[in-house]
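Take the sequence shown: its position 25, counting from 1, is numbered 403 in my numbering, and each next residue is one higher. We treat Cβ as the ideally placed atom computed from N, Cα and C, and that holds for glycine. Small disclaimer: the values here were computed from a predicted structure and weren't measured.
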Amino acid sequence: MCGIVGYIGPREAAPILLDGLSKLEYRGYDSAGLAIYNDGVITVERAVGKLVNLYEKTDGGNKLKGTLGIGHTRWATHGKPNEVNAHPHSSENFSLVHNGIIENEAELRRTYLRDVEFASDTDTEVVVRLLEKFTSEGEEMDVAIMHLIDIIEGSYALAIIDRRDPDHMYAVKNKSPLLVGKGEGFNMIGSDAMAMIAHTDTFYEIQDKEFAIVTRDSVELYTSYSKRIDREPYKAELDLSDISKGTYPHYMLKEIEEQPLVIRRIIGEYQNEAGELTVPEEILADVRDCDKIYIIACGTSYHAGIIGKHFFENIAGKPAESCVASEFVYNTPLLTEKPLFIFISQSGETADSRAVLVKIKEMGYKSITLTNVKGSTLSREADHTLLLYAGPEIAVASTKAYTAQIAVLAILAASVKNRIGIDLKYELALIANTIEGLCGDRELYNRLAEEYIAPSRNCFYIGRGVDYYVCLEAALKLKEISYVQTEGFAAGELKHGTIALIEDGTPVVAVITQSNTNLNTRSNVKEVISRGAKVIRISSKSLSTRKDQIVIGDVHEMLSPLVSVVPAQYLAYYTALHRGCDIDKPRNLAKSVTVE
Ligand code: M6R
């Protein structure tokens, strides 16, 4: 989940690397570091905490002279987030940065590095020490890299420089994302295109167990058995303005307010020549052919998956189940005869989901990935991809990707079979307008968050049916950025135990958009009020009462999560703001979770 950047070219490397790292900070932000080559010496600077600390320590990179270097932002897996454990890690001749986990590090230490004194607690240091050992025993650099690939188990994206070699930088990859950026007279390495897009829009993909030898003017890709790979670079459709905050104080707020645009973009992208929303026929054939859909995802994407299950069963009449990837992979349920797997992942890089994809591919089953990132691992490795078209999502808390996932799931389900005759194009257009209306009520959410939620240690979201599914996502949003302990609860289930936690002033947010459960949820609201709860009601217009503070325009009830989640996203945002939290980079989290 760490971020990697490397540069070799005519310009000073350190400022370029720092700028690249600033685009990758979402991947991890407990420490950062640079290693810059100059005249036979590699200088390493590292700093604990946010990138700004490294920036200050190196005077924006100006203190480090040299036109070849590597940089890293860390999300700790092995060893505390301190300076000693920060990357780059070095041996006598090499410096390297790493994203991933070396699973057999203990065995590697025992087998090859018994006499080595380690400077850090990291698994990464094992790699640089092994490289030193193999090359000092006479192996050429490419042979030593292949040797590493051969013996290391786990996930790794590595960028490596050698103090004896001013002209080369090396990239090695397995399971963790890594690209080479192709420039004119320079080349780069990066965990994703965003880190390099200010300099180039042309990239080489590196696949698992491949490595790249990069000079100022050339990029050579090799397999783990030394075969040269002839791969064309691709152009990324990324715009620098897509990844800037513009006038917004936080990415999260920008991304919440981009949701109408994203829904409209999805309508455009999924429209066929007749103006109907649909997906490619080969995907439909696979969905129609299966006897059950298993949706695999994590976090927010899992929450979208639960709504996807609801769509497949209620719109298309197809049995479906939504599963947490990290559970599914090691506790796989009894599968039906002809399962089809749908992976949902904003980043397309989530290790837990990928582990399931690898497993079900071995079992011979088909898969579709819904992702926001074209060319991501889950997209490349599945049989089909449906893109989310949400644009880069930078804030760690997912917002627009969630609504994009739900919209694409609805289109997929209705394309398979539209048993309820829903006019999805009209409904999604209406939803885009309705969200736009909600974005005008920032002050209301701000006030409610400040008065009801921000002063509290805990909070509950309650609802029934799809409202409950939204509550799960709303609770995750609130807890991950404001650190208010929050539970999303099926409103009717509260009285079976959890209601014991309601006391004077406990904030409870009720989501009420379903006519068949409106009155039941309102009874549950009364139950918590009589025990002292302070209740915020989010209801749809036709079901609203005078006491409901947040009233959302009526949309098709099945699709209401696309709208009802928006005030919840705002409540999370403003609660975090009032509590002085770091909204875009909440503690302990990373945007892209590339370790299991
Ligand atoms: O990239 P993915 O959608 O696969 O990521 C899955 C989760 O890590 C992610 O949704 C996480 O829960 C979000 N930060 C929540 O806002």
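Asked, Found
"Could you compute how far the alpha carbon of residue 645 sits from the alpha carbon of residue 848?", "22 Å"
"Starting from residue 543, trace the beta strand (DSSP E) in both directions and tell me its first and last residue.", "543 to 552"
"If we call anything under 8 Å between Cβ atoms a contact, is residue 632 one with residue 584?", "no"
"Could you work out which residue in 397, 401, 444 and 398 is closest to residue 389 when comparing CA atoms only?", "444"
"Secondary structure at residue 701, three-state DSSP: helix, strand or coil?", "strand"
"Residue 837 bridges to which residues according to DSSP?", "864"
"Please list the terminal residues of the continuous beta strand (DSSP E) segment that includes residue 416.", "409 to 416"
"Would residue 592 be called buried (16 or more neighbouring beta carbons within 10 Å of its own) or exposed?", "buried"
"Compute the beta-carbon to beta-carbon distance between residue 780 and residue 891, rounded to the nearest angstrom, for a pair I have assumed lies under 8 Å.", "Actually they are not in contact, since the Cβ atoms of residue 780 and residue 891 sit about 16 Å apart, beyond 8 Å."
"Is DSSP giving residue 766 helix, strand or coil here?", "coil"
"Using a threshold of 8 Å, state whether the C-beta atoms of residue 995 and residue 968 are closer than that.", "In the structure as shown, the chain begins at 379 and stops at 974. Residue 995 is therefore absent and cannot be evaluated."
"Under 8 Å, with one C-beta from each stretch per pair, do the region 908 to 926 and the region 781 to 801 reach the 3-pair mark?", "no"
"Starting from residue 889, follow the alpha helix (DSSP H) in both directions and report where the run begins and ends.", "Unbroken run through residue 889 is the beta strand (DSSP E), 885 to 890; no alpha helix (DSSP H)."
"Our contact map puts residue 964 next to residue 858 with C-beta atoms below 8 Å; I'd like the distance itself, whole angstroms only.", "5 Å"
"For a quick check, are the C-beta atoms of residue 384 and residue 572 less than 8 Å apart?", "no"
"Sort out for me which residues DSSP pairs residue 424 with in a bridge.", "411"
"Do residue 519 and residue 490 have their C-beta atoms within less than 8 Å of each other?", "no"
"Go ahead and pull the three-state DSSP assignment for residue 744.", "strand"
"Out of 607, 513, 951 and 725, which one is the CA nearest neighbour of residue 970?", "725"
"Go ahead and label residue 521 buried or exposed: buried means 16 or more other beta carbons lie within 10 angstroms of its beta carbon, across all protein chains shown.", "exposed"
"Excluding sequence positions up to five away, which residues of its chain have a Cβ less than 8 Å from the Cβ of residue 655?", "645, 648, 649, 789, 792, 793, 802, 803 and 806"
"So residue 961 and residue 628 are in contact, right, with Cβ under 8 Å, and what is the actual spacing, rounded?", "5 Å"
"When the Cα of residue 608 is compared with those of 928, 404 and 590, which residue comes out closest?", "590"
"Around the C-beta of residue 447, are 16 or more other C-beta atoms found within 10 angstroms, so that it is buried, or is it exposed?", "buried"
"So, helix, strand or coil for residue 452, using DSSP?", "strand"
"How far does the beta strand (DSSP E) with residue 917 in it reach, from first residue to last?", "912 to 918"
"Three or more C-beta pairs closer than 8 Å, one from the region 527 to 538 and one from the region 467 to 483: is that the case here?", "yes"
"Which of helix, strand or coil does DSSP assign to residue 536?", "strand"
"Just to confirm, are residue 715 and residue 664 a CB contact at a threshold of 8 Å?", "no"
"Would you kindly work out how many angstroms separate the C-alpha atoms of residue 554 and residue 765, rounded to a whole number?", "21 Å"
"Say yes only if the C-beta of residue 775 is nearer than 7 Å to one or more non-hydrogen atoms of ligand 1, and no if none qualify.", "yes"
"Which class does residue 515 belong to by DSSP, given the choice of helix, strand or coil?", "coil"
"For a quick check, are the C-beta atoms of residue 404 and residue 973 less than 8 Å apart?", "no"
"Under the criterion of a Cβ to heavy atom distance below 7 Å, does residue 580 qualify as lining ligand 1?", "no"
"Is residue 400 near ligand 1, judged by its Cβ being under 7 Å from some heavy atom?", "no"
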